[in-house]
Amino acid sequence: MFAGEDIVKREINTREDVSLLVHTFYGKIRKDEVLGPIFNGVIKDWDNHLEKMVDFWESNLLYVRKYFGNPMLSHISADRKTNYGIESKHFGLWLNLWYQTLDDYFEGSTAQLARDRARMMSTNLFLAIFRSRPKEVYS
Ligand code: HEM
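For the sequence shown, position 107 matches number 132 in my numbering, and the numbering has no gaps at all.
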């Protein structure tokens with residue numbers, strides 16, 4: 026978003042709203058200096074990933090049953106693929122872009138839920154990554 030651009034904020038009520046959130050957010054992730062190379066290194070099929078992430082957030086925020094994956098295992102595997110390179114600072118940067126996207130485009134209670142859920146998940150995901158590392162790596 027550019028300064029002065031007039032965006033009418035919307036509530037998150039439909040899959041289309043979730044899709045706007047997810048696509049805008051991953052647009053930022055892919056361009057981010059620090060996060061971009063990690064995501065682009067692991068994810069080979071972005072269309073598939075984005076579809077999956079829309080399912081994930083639609084399931085989380087709008088209470089439909091579309092996502093059946095296991096985020097803990099996916100992140101443990103992504104950490105291995107990046108040579109145990111995912112750190113708590115990456116979760117901080119991730120959350121910052123998530124909040125920025127929500128602040129710029131959305132309003133209302135479901136947008137707040139999206140902030141709160143992501144914050145809780147980030148702690149759980151990082152802990153899962155950390156605990157599954159071999160002792161000699163840990164860090
Ligand atoms: C609260 C923060 C985060 C949430 C809610 C989240 C959520 C998710 C979900 C639901 C998936 C799909 C899992 C599946 O395959 O079913 C995923 C995949 C992935 N996430 Fe995250 N994530 C978060 C933070 C991060 C961070 C900080 C990184 C790395 C720096 C990261 C890297 C990845 C990668 C590389 C994949 C793709 C894994 C693969 O396809 O093999 N995520 N994430």
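Positions of the beta carbon are idealized from the N, C-alpha and C atoms, including for glycine. The structure presented is a predicted model; accordingly, all values stated were derived computationally and were not measured.
Burial state of Tyr-130, where buried means 16 or more other Cβ atoms lie within 10 Å:
Your numbering for residue 130 matches position 105 in the sequence shown. Classification for Tyr-130: buried.
Could you tell me which of Met-78, Pro-96, Met-145, Gly-66 sits nearest to Lys-106, measuring between CA atoms?
Here residue 106 corresponds to residue number 81 of the sequence shown, with the count starting at 1. Nearest of Met-78, Pro-96, Met-145, Gly-66 to Lys-106, Cα basis: Gly-66.
Heavy atom of the ligand HEM less than 7 angstroms from the Cβ of Ser-102, yes or no?
Taking the sequence shown and counting its residues from 1, the one referred to as residue 102 is at position 77. Yes, the ligand HEM has a heavy atom inside 7 angstroms of this Cβ.
Closest to Asp-42 by C-alpha separation, out of Arg-158, Ala-136, Met-145, Met-146, would be which residue?
Position 17 of the sequence shown holds residue 42. Per the Cα distances, Ala-136.
Pick helix, strand or coil for Arg-40, following the three-state DSSP scheme.
Start at 1 with the first residue of the sequence shown, and residue 40 comes out as number 15. Here Arg-40 sits in helix by DSSP.
Does DSSP put Arg-55 in a helix, a strand or coil?
The sequence position of residue 55 within the sequence shown is 30, counting from 1. Per DSSP, reduced to three states, the secondary structure at Arg-55 is helical.
Should Trp-82 be labelled buried (16 or more other beta-carbon atoms within 10 Å of its own) or exposed?
On the sequence shown, residue 82 is found 57 positions in, with the first residue counted as 1. The residue in question, Trp-82, is buried, as its Cβ has 16 or more Cβ neighbours within 10 Å.
Is it the case that the CB of Lys-34 approaches a heavy atom of the ligand HEM more closely than 7 angstroms?
Position 9 of the sequence shown, counted from the start, is the residue given in the question as residue 34. Lys-34: no, Cβ never under 7 angstroms from the ligand HEM.
Local conformation of Arg-140 per DSSP, three classes
Numbered from 1 along the sequence shown, position 115 holds the residue referred to as residue 140. Three-state DSSP puts Arg-140 in a helix.
Does the count of Cβ pairs from the stretch 83 to 95 and the stretch 48 to 59 closer than 8 angstroms reach three?
No, the stretch 83 to 95 is not in contact with the stretch 48 to 59.
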